[in-house]
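Protein chains in written order, with this note's numbering: chain A, 19 to 216; chain B, 19 to 216.
The beta carbon of each residue, even a glycine, is placed where N, CA and C say it ideally should be.
What follows is a set of notes on a single structure, which appears directly below.
2 protein chains.
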Amino acid sequence: MLLYTNALSGNCYKVRLLLTQLGLQAERRELDVYDRSDRPEVLGELNPALRVPTLVLDDGRALPESGAILWYLAEGTEYLPTDSFERAQALQWMFFEQYDLEPNIAVVRFWELGGIHADPELRTAKVQAGHRALDALERHFGAHEFLVGERYSIADIALFGYTHVAPEGGFGLEGYPAVRSWLTRVAAQPGHIAITDC
Amino acid sequence: MLLYTNALSGNCYKVRLLLTQLGLQAERRELDVYDRSDRPEVLGELNPALRVPTLVLDDGRALPESGAILWYLAEGTEYLPTDSFERAQALQWMFFEQYDLEPNIAVVRFWELGGIHADPELRTAKVQAGHRALDALERHFGAHEFLVGERYSIADIALFGYTHVAPEGGFGLEGYPAVRSWLTRVAAQPGHIAITDC
Numbered sequence: 019m020l021l022y023t024n025a026l027s028g029n030c031y032k033v034r035l036l037l038t039q040l041g042l043q044a045e046r047r048e049l050d051v052y053d054r055s056d057r058p059e060v061l062g063e064l065n066p067a068l069r070v071p072t073l074v075l076d077d078g079r080a081l082p083e084s085g086a087i088l089w090y091l092a093e094g095t096e097y098l099p100t101d102s103f104e105r106a107q108a109l110q111w112m113f114f115e116q117y118d119l120e121p122n123i124a125v126v127r128f129w130e131l132g133g134i135h136a137d138p139e140l141r142t143a144k145v146q147a148g149h150r151a152l153d154a155l156e157r158h159f160g161a162h163e164f165l166v167g168e169r170y171s172i173a174d175i176a177l178f179g180y181t182h183v184a185p186e187g188g189f190g191l192e193g194y195p196a197v198r199s200w201l202t203r204v205a206a207q208p209g210h211i212a213i214t215d216c
Numbered sequence: 019m020l021l022y023t024n025a026l027s028g029n030c031y032k033v034r035l036l037l038t039q040l041g042l043q044a045e046r047r048e049l050d051v052y053d054r055s056d057r058p059e060v061l062g063e064l065n066p067a068l069r070v071p072t073l074v075l076d077d078g079r080a081l082p083e084s085g086a087i088l089w090y091l092a093e094g095t096e097y098l099p100t101d102s103f104e105r106a107q108a109l110q111w112m113f114f115e116q117y118d119l120e121p122n123i124a125v126v127r128f129w130e131l132g133g134i135h136a137d138p139e140l141r142t143a144k145v146q147a148g149h150r151a152l153d154a155l156e157r158h159f160g161a162h163e164f165l166v167g168e169r170y171s172i173a174d175i176a177l178f179g180y181t182h183v184a185p186e187g188g189f190g191l192e193g194y195p196a197v198r199s200w201l202t203r204v205a206a207q208p209g210h211i212a213i214t215d216c
C-alpha cells in the first residue's frame, strides 16, 4: 500500500497509528500541507478533496478520508466493534470529530505551527468552538473510559489525533482532567506510536 | 423511534428520506435551528453536539449525527453496499460531505434563509469552498451514475441533502450538468420524498 501523508497532520497520524497497531506496512509519500500547489497533479485522480491522507491499495484503488481509511483497515479486527449500535456510535464520534473538533482545533494549530495570522474574529470563533468540542469530550470521559463500548477502538484513534496536540494550537488541557486521563489510556495501548514517530 | 429534527435542515431530511424509503416510522419533535437556547435542556443527555438530527431508539438509546444514523438504519438493506471497499467509499463521500460541502453550502444557505449577514470575507471563502465541493461532484458524475458502485446508496442520500438545495444558498447549478442529472436520478428513486414533504 502507498500512503500519501504529512508528518504534521493529525489526520495522517490516525492512519499511521492504526497501520502500526495492525502490523501493516505502507510506503509513505510525504506531501506539503502549506504549499499545496502540486496537489492536483499528485492527488487529482485519487482524491476529489486533494487532501492527505490518501491510501492507495496494492491493486491501485485509492481511498481518501481518514475516517473511511480507518474503517476499511479496522473492519474485522479488534479495533472496530461488531455490535451494530456500537459501530454507529464509533461513526458518530468520528463525524463529530471531523465537524466539531478538527475544523477548529486542527485549523488553529495549523495556523500556529505555520505562523499564519488569520482573521481575529474567525480565530476567536474557532477557539471557542474548539473548546466546546473539548467540553463535550470532558463530559463523556467523566463517565466512560473510552468513546465506545468501554474499549479502545478507531473512534479513540480518530479523536486522539488532534486532541492530544491541541496545546500546540493554544488549547490548554488543564481544565480537562477526564480528557487527559483518556489521552494517557490511549497512549498506553499496545503498539502505540507518537505523532513524531516515523 | 423518536427523531429530533428541523424542517429546513438537510441533515434531518437525509434521515427522513431514508426512513421513508425503508418504510420505517419515527415520531418527530421539531427543534428551532435559529434559536437554539433550548438545546442543552432538550438534547443535553442525548447528543454531545446538541444538534439535529438526533434519533432515539425505542429502547431509549440515542444516536446523533446524520451519517451515523444513515449507516445504522441502512445496514443490511439495499441502501448500504456489502463490499468492504464500497462501504469505505460510501463513508469517504459522507465524510467529504460533512467536511467540504455541508460547512460551506449548508451554512451559506442557512444565512440566506435566515437573513443573516455574515462577515463578507468568511462568506466569500465559504462560497468558493462550496463551489470546489460541487466541482468535485461534477467530475465524479461525469463518469459515474451514482457515488458508489453505480447504484443508489446512503452516500447519495447524504450528498443529495444539501446539494439539491444549494441554489437556496445562491449556488447556481447551471454549470454542473452532471450533478443535475444525478439529482434527477436520485429524485426518481422509489419512495423518494422532497425536503418539503411531511
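Are any of the Cβ atoms in chain B nearer than 8 Å to that of residue i?
| i | result |
| --- | --- |
| Leu177(A) | no |
| Ser171(A) | no |
| Ser199(A) | no |
| Gln146(A) | no |
| Pro121(A) | yes |
| Phe103(A) | yes |
| Pro82(A) | yes |
| Ala67(A) | yes |
| Phe128(A) | no |
| Leu109(A) | yes |
| Pro92(A) | Checking the sequence shown, residue 92(A) turns out to be Ala, not Pro. By this cut-off, Ala92(A) is not an interface position. |
| Ala106(A) | yes |
Could you tell me which of the options sits nearest to residue i, measuring between CA atoms?
| i | options | result |
| --- | --- | --- |
| Asn122(A) | Arg169(A), Val183(A), Leu68(A), Ala161(A) | Val183(A) |
| Val51(B) | Ala143(B), Ala124(B), Arg198(B) | Ala124(B) |
| Ala212(A) | Leu21(A), Leu20(A), Leu35(A), Tyr22(A) | Leu35(A) |
| Leu21(B) | Thr181(B), Glu192(B), Asn65(B), Gly94(B) | Asn65(B) |
| Gln110(B) | Glu186(B), Tyr194(B), Ile172(B) | Ile172(B) |
| Gln116(A) | Thr23(A), Gly188(A), Ala151(A) | Ala151(A) |
| Leu119(A) | Arg57(A), His135(A), Asp53(A), Ala143(A) | Ala143(A) |
| Gly132(A) | Glu59(A), Leu42(A), Arg47(A), Asp53(A) | Asp53(A) |
| Asn15(A) | Gly62(A), Phe128(A), Arg79(A), Ser55(A) | Since the displayed chain A opens at 19 and closes at 216, residue 15(A) lies outside it and no answer follows. |
| Trp200(A) | Gly78(A), His162(A), Ala154(A), Glu192(A) | His162(A) |
| Pro58(A) | Asp153(B), Arg79(B), Gly190(B), Tyr170(B) | Asp153(B) |
| Glu192(B) | Glu156(B), Gly62(B), Glu63(B), Met19(B) | Glu156(B) |
| Arg79(A) | Met19(A), Arg141(A), Met112(A), Ala206(A) | Met19(A) |
What residue range does the alpha helix (DSSP H) around residue i cover?
| i | result |
| --- | --- |
| Pro82(B) | Element bounds for Pro82(B): not the alpha helix (DSSP H) but the beta strand (DSSP E), 80-82. |
| Tyr97(A) | Looking at the DSSP string, Tyr97(A) is not in any alpha helix (DSSP H), and its letter there is neither H nor E. |
| Ser199(B) | 195-205 |
| Ala143(A) | 138-159 |
| Asp53(A) | Run containing Asp53(A): none; DSSP gives neither H nor E here. |
| Arg127(B) | 125-132 |
| Val33(A) | 28-40 |
| Ile172(B) | 172-181 |
Are there 16 or more other CB atoms within 10 angstroms of the CB of residue i, so buried, or fewer, so exposed?
| i | result |
| --- | --- |
| Ser84(A) | buried |
| Thr100(A) | exposed |
| Asp76(B) | exposed |
| Ser27(B) | buried |
| Thr181(B) | buried |
For residue i and chain A, any beta-carbon pair shorter than 8 Å?
| i | result |
| --- | --- |
| Trp89(B) | yes |
| Leu20(B) | no |
| Gln1(B) | Here chain B has residues from 19 to 216 only, and residue 1(B) is not among them. |
| Arg157(B) | yes |
| Glu139(B) | yes |
| Tyr97(B) | no |
| Arg223(B) | Limits of chain B in this structure are 19 at one end and 216 at the other, which puts residue 223(B) out of reach. |
| Ala206(B) | no |
| Phe189(B) | no |
| Ala86(B) | yes |
| Gln116(B) | yes |
Taking a contact to mean a Cβ-Cβ separation below 8 Å, would you say residue i touches residue j in this structure?
| i | j | result |
| --- | --- | --- |
| Asp174(B) | Val126(B) | no |
| Val70(B) | Asn24(B) | yes |
| Trp89(A) | Ala106(B) | yes |
| Ala108(B) | Val166(B) | yes |
| Gly188(A) | Glu130(A) | yes |
| Thr95(A) | Pro82(A) | no |
| Tyr97(A) | Gln39(A) | yes |
| His137(A) | Glu139(B) | Residue identity differs from the one stated: residue 137(A) is Asp in this sequence, not His. Yes, these two residues count as a Cβ contact at 8 Å. |
| Phe164(A) | Val197(A) | no |
| Phe114(B) | Ala44(A) | no |
| Leu37(A) | Leu91(A) | yes |
| Tyr31(B) | Gly179(B) | yes |
| Ser102(A) | Glu93(B) | yes |
| Val60(B) | Leu49(B) | yes |
Consider the C-beta atom of residue i and the heavy atoms of the ligand SAM; say whether any pair is separated by less than 7 Å.
| i | result |
| --- | --- |
| Val74(B) | For the ligand SAM, the structure offers nothing, since it holds no ligand at all. |
From what residue to what residue does the beta strand (DSSP E) around residue i run?
| i | result |
| --- | --- |
| Leu20(B) | 20-23 |
| Leu73(B) | 72-74 |
| Glu45(A) | 45-48 |
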